[in-house]
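Visitor: Sharing a structure below in structure tokens format, with a few things to ask.
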Ligand SMILES: [Zn+2]
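Residue numbers (this note's numbering): 47 to 402.
So this is what it looks like as structure tokens:
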């Protein structure tokens, strides 16, 4: 049968369309600020947080990031380390991952924030920024004209969280906290986002999962980094592995393994570890705080099981007089306990979790 001219034209048009469509399917470069990664490549650089003026006068900050941009389309997974300045295991885990995620076999994009809170990292401060005294993980989504911590938060919100489809905020016990590994599953937000967050927690592989039902729903007052993603409709997770300013192999490996598990779960890589088989969901948890300033003596270890009313530790004044004894409010497990003597009124003593 002869092909009519009109059919020939239609077939040609179809071929041209298929060709164009396949070209369009190739990934464009992924760009954050002046850092741009072509498909199948890795790009690194820094985000600048401009110096503050007037009442918030300061020198600004830099945020080192890397973009691993896969050859194929897929999710954009943001990984943030160093939100707290003396939490080193996530920082070192991301240094390893930067070398070990192959963009040539990756579907999607990984954004690595190597040190979110550079002022705190360089000054080796726990909890609070040495510049404005604020906890970076309590000022999200930040403000463009606020104090330095607030401007760092605004930069991360705009340049990282807004660009991601999924977020993992990586923590460990701070320089003063002795901690057993766990993750937070945040249940607030749309049910589909909360469920996707639970699947990420299972995929990360830490068997202790704190169920957190108390994060704010207001995107303008999200407070926490991971909750900034969730209030913007993006599944997110906070994990804790390591502590006391240490850089131990076990804690770093658990973070690396967890991220590999989430990447497999999201279809970004074919290989990776399986989800945790028997998760322990901790429906009840409480941060115990000191009512006094002085010297803290722990009576428990991280990971220890305690009965209701068991002594967690005591605080003395600077002349050795006991000011308070802190007791377990319910039977559970010590997820972290302060491991250094310095304590100020209102600060955490320990975090206790239980199944119910
Ligand atoms: Zn932290």
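From the three backbone atoms N, C-alpha and C, an ideal C-beta is built for every residue, glycine too.
For ligand 1, any of its heavy atoms closer than 8 Å to the Cβ of residue 393?
Guide: Within the chain shown, residue 393 is the residue found at index 347, counting from 1. No, the beta carbon of residue 393 sits no closer than 8 Å to any heavy atom of ligand 1.
Visitor: Does DSSP put residue 386 in a helix, in a strand, or in coil?
Guide: Here residue 386 is taken as the residue at index 340 of the chain shown, counted from 1. Looking at residue 386 - three-state DSSP - the assignment turns out to be coil, as it is neither helix nor strand.
Visitor: Can we count residue 361 as close to ligand 1, meaning its CB is less than 8 Å from some heavy atom?
Guide: In the chain shown, counting from the first residue as 1, residue 361 sits at position 315. Not under cutoff, so the answer is no.
Visitor: Could you tell me the alpha carbon to alpha carbon distance between residue 409 and residue 276, rounded to whole angstroms?
Guide: Residue 409 lies beyond the range of the chain shown here (47 to 402); nothing can be said about it.
Visitor: Taking the DSSP output, what are the residues bridged to residue 342?
Guide: Here residue 342 refers to the residue found at position 296 of the chain shown. In DSSP, residue 342 forms a bridge with 361.
Visitor: Which residues in the same chain have their Cβ closer than 8 Å to the Cβ of residue 280, if we skip the five residues on either side of it in sequence?
Guide: Looking up residue 280 in the chain shown gives position 234. Same-chain partners within the cutoff: 207, 210, 211, 212, 213, 239.
Visitor: Taking 9 Å as the cut-off, decide whether the C-beta atoms of residue 162 and residue 109 are in contact.
Guide: As a working note, residue 162 is residue 116 in the chain shown. As a working note, residue 109 is residue 63 in the chain shown. Against a cut-off of 9 Å, the Cβ pair of residue 109 and residue 162 comes out as a contact.
Visitor: Is it the case that the CB of residue 130 approaches a heavy atom of ligand 1 more closely than 8 Å?
Guide: Residue 130 sits at position 84 when you count from the first residue of the chain shown. Within the cutoff, so yes.
Visitor: Alpha carbon to alpha carbon, what distance is there between residue 233 and residue 70?
Guide: For the purposes of this step, residue 70 is taken as the residue at position 24 of the chain shown. For the purposes of this step, residue 233 is taken as the residue at position 187 of the chain shown. Low confidence applies here, because residue 70 scores a pLDDT of 41, under 50, leaving its location unreliable and the question unanswered by this model.
Visitor: I want to check one thing, is the minimum distance from the CB of residue 217 to the heavy atoms of ligand 2 below 8 Å?
Guide: For ligand 2, the structure offers nothing, since it holds only ligand 1.
Visitor: May I have the straight-line CA-CA distance separating residue 217 from residue 99, to the nearest angstrom?
Guide: Sequence index remark: in the chain shown, residue 217 carries index 171 (1-based). Sequence index remark: in the chain shown, residue 99 carries index 53 (1-based). When rounded, the distance between both Cα atoms is 31 Å.
Visitor: Would DSSP call residue 54 helix, strand or coil?
Guide: Mapped onto the chain shown, residue 54 falls at position 8. In this prediction, residue 54 scores a pLDDT of 47, lower than 50, which makes its location untrustworthy; the coordinate-derived value is nonetheless stated afterwards. In this structure, residue 54 counts as helix in the three-state DSSP scheme.
Visitor: Residue 273: beta carbon under 8 Å from a heavy atom of ligand 1?
Guide: Position 227 of the chain shown, counted from the start, is the residue given in the question as residue 273. Residue 273 Cβ: outside cutoff for every heavy atom of ligand 1.
Visitor: Could you name the residues of the same chain whose beta carbon sits closer than 6 Å to that of residue 67, not counting the 5 residues immediately before and after it, in chain order?
Guide: Here residue 67 is taken as the residue at index 21 of the chain shown, counted from 1. Confidence in residue 67 is poor, its pLDDT being 44 and thus under 50, which makes the residue's placement unreliable; the coordinate value appears in the next sentence. So the list is empty, once near-sequence residues are dropped.
Visitor: Relative to the alpha-carbon of residue 183, which residue among 364, 203, 326 has its alpha-carbon at the smallest distance?
Guide: Locating residue 183 in the chain shown gives position 137, counting from the first residue. Residue 183 has its Cα closest to that of 203, out of 364, 203, 326.
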